[in-house]
Amino acid sequence: MRTRLIAWVLAGLLLGALPAAAHAILVESTPAISATVAGGAIALRLRFNSRIDRARSRLTLIRADHSTEVLPILPEGTDDLMLSKVTLTPGSYVVRWQVLAVDGHITRGDIGFTVGAAP
Amino acid sequence: MNLLVDLFGYLSIIIHGLTIVAQSMTLGGVLFLIVLALPLGSTIGPKVAEDTARIAAWSALGLIVCEAATIALQASVLTATVDLSLPEALGASSAVAGMVKMAAGAVIALCLFTLGITAPRPLLLAAGVVELIAATMTTHAAARLEDRPILLAAAFLHQLGAAIWIGGIPAFVSALARVDDGFGWRAVGARFSRMSMVGVGCIVVSATIMSVLYIGSPEAVYGTAYGVMTAAKAAMFLGLLALGFGNYRSVEALRADPNASVKRMKRFAEVEIGIGFSLFFAAASLTSVPPAVDLTVDRVTWQEVVERNTPVWPRLVSPQHDALAIPALQAKLDAEAAVHSTKPAPAFVPGDGVLPERNAADIAWSEFNHHWAGVFVVLIGLLALLNQAGLRWARHWPLVFFGLAVFLLLRSDPEVWPMGEEGVFESLRDIEVLQHRFFAILTVVFGIFEWRVRAGGWANKKAQLVFPLVTAIGGAALLTHSHQIANVKDALLIELTHTPLALIAIAAGWARWLELRMDGRASRIAGWVWPVCFVAIGAVLLLYREA
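Listed in order, the protein sequences are those of chains V and B. Each step along the first sequence adds one to the number in our numbering, with nothing skipped, and position 4 is 21. Each step along the second sequence adds one to the number in our numbering, with nothing skipped, and position 449 is 685.
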């Protein structure tokens, strides 16, 4: 009996393999992906399909020269929102998000956008 | 750091699958003990209860280990990527729920290891309920914005049903082996049939609620990864129901004749464990994709499915390696670097999170690989059928697996040595390469075992079971395999082909298992089923297209 049980547990151990896919997905964002926005103070707003744990999530700004800056995540908003503020000069930027969904899944993604001249 | 998050996603699925197995066996074992083994003790003897208590106790220990691994993995990613302290990372609601699961598992393990079958039943049941509530708080339902209460209730019911039925089967198989008279078998079989019906009822009700709220429309079933995986789960569920019905009939036969054979019931129950565990891993992989209702763009249409699966003549001539996207880009980078006398940048760094660009030659390369793999597998199936029909020389059919393995190792990842410039160990950072290597090794393993069984007259019963087990495991692994393709639609269209392949492989593995473990007519039927499954797998591969 014990041998049979061990065989089944081993079979279970060998099962399965999968790369990371998305669980918490980005539903909409401001700026939108590939959008062009006016330079100056920019309000970032990311909305997800799940309730997220903001205190354990991160927003990173990546500039065209590959330098990075961690953006503050504001405490306001409903459970599916991540808000931030940043002042940007004209150029290309990527906001990389990494979120912990309340069910324990960690996912990430990029929002690339362009900043034009200030109004 | 991106690699860490990718690996987290990869490992968390495997550990999650193991967690579901351990959780279901723990709760299923406890319920089997309380509802069946102890009340029927006077008919079936105390040994069944003792065996069941041991199964539940060890499963609870397994649950603690799996849950600890999940929490450790999540905490390590959070501390490394979000600059959190360990206590901050452990404060995540999912980590707290995980620790509650561990505590409940510890209570069950401690009670059963120390007190055995005299462990207080209310305490075991209470710990089980706490564990199930905590587990529910780590499902999709916990993070939903809408319909949260009803989805939480459905998730609770779904896991409970899986535990009662599939989680109880190992204890059922053990009990059938322990009991040795018709009255005992009938008592165990009849009581477990009723328990299983309750479990199936829980699953059907909860699955209906979740299908409506997570999938939402028939188009989403084939149009999203969530829908396709749910359909695969439903197919396996129907297979389990058919086997369960077979067991129900065996119990009825025992009612009429206490001396009726229970061999079929025992063997079907073994197969139910295998298919049930495969289903658990499909369930684990479902947690890594967003519910279908949330995926409003990038869905596949029915026309696209039909167009992609319309048969065309297989591609049996390979495109040139230099025409592939990565070698072509590397050649360009090398030329640019030569002009500036600098070191050329690599065209693709495995595991850095940036997906390689694909061109028409890449697609042709992949189709060529699938089509030739199809030729190999059809050959295996046909030779096995000829062998089954009595043609002696055809018994060497497992040798074809070696050819297939060498072909896969050489061709599946053209950027890797010997075809490409990447080293073998460096390439293993890429999850897809890792999976391809795993499949190639599986192919060699079952080729060796089965050839020795067939040609060498290897009478070792356990060695004979390697081929069916590895085939079924390969099918289950394929069920969770996906391609790193940036285009979500293309990735799904490929998965639509791979999912039937996985299901047929699981069917082939367990059919061969039944051929070996049963006798008479049932064994003979199973003996024809699995080679036909291999021919079907080969045919699907031959018709495979990526554009």
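Glycine included, every Cβ here is placed at the ideal spot set by N, Cα and C. Since this is a predicted model, take the numbers as computed values, not measurements.
Please confirm whether residue i has its beta-carbon closer than 8 Å to some beta-carbon of chain V.
i        : result
B:Gln310 : yes
B:Pro526 : yes
B:Asp530 : yes
B:Val434 : no
B:Leu314 : yes
B:His576 : no
B:Thr466 : no
B:Ala676 : no
B:Thr523 : yes
B:Ile721 : Below a pLDDT of 50, predicted positions are generally treated as unreliable, and B:Ile721, at 48, falls in that range; the measurement from the model is reported next regardless. No, no contact with chain V.
Going along chain B in order, which residues have a C-beta closer than 7 Å to the C-beta of residue i?
i        : result
V:Arg75  : Thr317 and Val318
V:Ala118 : Ala379
Counting only C-beta atoms, is residue i closer than 8 Å to chain B at any point?
i        : result
V:Leu30  : Because V:Leu30 sits at a pLDDT of 31, beneath the cut-off of 50, its placement in the model cannot be relied upon, and the point is left open.
V:Arg68  : yes
V:Asp97  : yes
V:Gly121 : yes
V:His40  : yes
V:Ile128 : no
Relative to the alpha-carbon of residue i, which residue among the options has its alpha-carbon at the smallest distance?
i        : options                                   : result
V:Thr104 : V:Ser46, V:His83, V:Leu61 and V:Val119    : V:Leu61
B:Thr306 : B:Glu668, B:Leu269, B:Ile256 and B:Ala559 : B:Ile256
B:Leu269 : B:Leu361, B:Ala316, B:Pro547 and B:Ala528 : B:Leu361
B:Ala758 : B:Val660, B:Ala574 and B:Arg500           : B:Arg500
V:Arg71  : B:Ser486, B:Ala691, B:Ala325 and B:Ala738 : B:Ala325
B:Arg665 : B:Val652, B:Leu387 and B:Ile677           : B:Val652
B:Trp746 : B:His376, B:Ser486, B:Gly510 and B:Ile730 : B:Gly510
B:Ser329 : B:Gln566, B:Asp383, B:Leu618 and B:Thr374 : B:Thr374
B:Leu479 : B:Trp401, B:Val660 and B:Glu286           : B:Trp401
B:Ala443 : B:Ala398, B:Val415 and B:Gly425           : B:Ala398
B:Phe481 : B:Gly452, B:Ile291 and B:Val436           : B:Val436
B:Ala730 : B:Asn495, B:Leu714 and B:Ser577           : Checking the sequence shown, residue 730 of chain B turns out to be Ile, not Ala. Checked all of B:Asn495, B:Leu714 and B:Ser577; the closest Cα to B:Ile730 is B:Leu714.
When we look at the beta-carbon of residue i and count the other beta-carbons within 10 Å, is it buried (16 or more) or exposed?
i        : result
B:Arg594 : buried
B:Pro323 : exposed
B:Pro385 : exposed
B:Gln259 : buried
B:Pro654 : exposed
B:Lys337 : buried
B:Arg491 : exposed
B:Gly253 : buried
V:His83  : exposed
B:Thr679 : buried
V:Lys102 : exposed
B:Thr354 : exposed
B:Ile300 : buried
B:Val548 : exposed
B:Asp598 : buried
B:Gln671 : buried
B:Gly403 : buried
V:Ser67  : buried
V:Glu86  : exposed
B:Lys469 : buried
Taking C-beta pairs closer than 7 Å, name the residues in chain V that residue i reaches, listed in chain order.
i        : result
B:Pro385 : Near B:Pro385 there are no residues of chain V at all, since even the closest Cβ is about 14 Å away, more than 7 Å.
B:His376 : Asp120
B:Ala460 : Here residue 460 of chain B turns out to be Thr, not Ala, going by the sequence shown. The premise fails here: B:Thr460 is roughly 11 Å from chain V at the closest Cβ pair, so nothing lies under 7 Å.
Per DSSP, which one or two residues make a beta bridge with residue i?
i        : result
B:Ser329 : Per DSSP, none; premise fails for B:Ser329.
V:Met99  : V:Leu63
B:Glu668 : Paired residue(s): none; B:Glu668 is not in a bridge.
V:Thr77  : V:Val87 and V:Arg113
V:Ile123 : V:Leu117
B:Phe419 : DSSP, once it has assigned bridges, lists no residue as partnering B:Phe419.
B:Ile344 : DSSP lists no partner for B:Ile344.
V:Gly129 : V:Val111
V:Glu45  : V:Arg64
Give the residues of chain V in contact with residue i, contact being defined as C-beta atoms less than 9 Å apart.
i        : result
B:Ala328 : Asp70, Ala72, Arg73, Leu117, Val119 and Gly121
Just to make sure I have the definition right: I need the residues of chain V whose C-beta is within less than 8 Å of the C-beta of residue i. Which are they?
i        : result
B:Thr707 : The contacting residues do not exist; B:Thr707 stays about 12 Å from chain V at best.
B:Thr679 : Residues of chain V passing the Cβ test: none, with the nearest at roughly 14 Å.
B:Thr288 : Those within 8 Å of B:Thr288 in chain V number zero; the least Cβ separation is about 11 Å.
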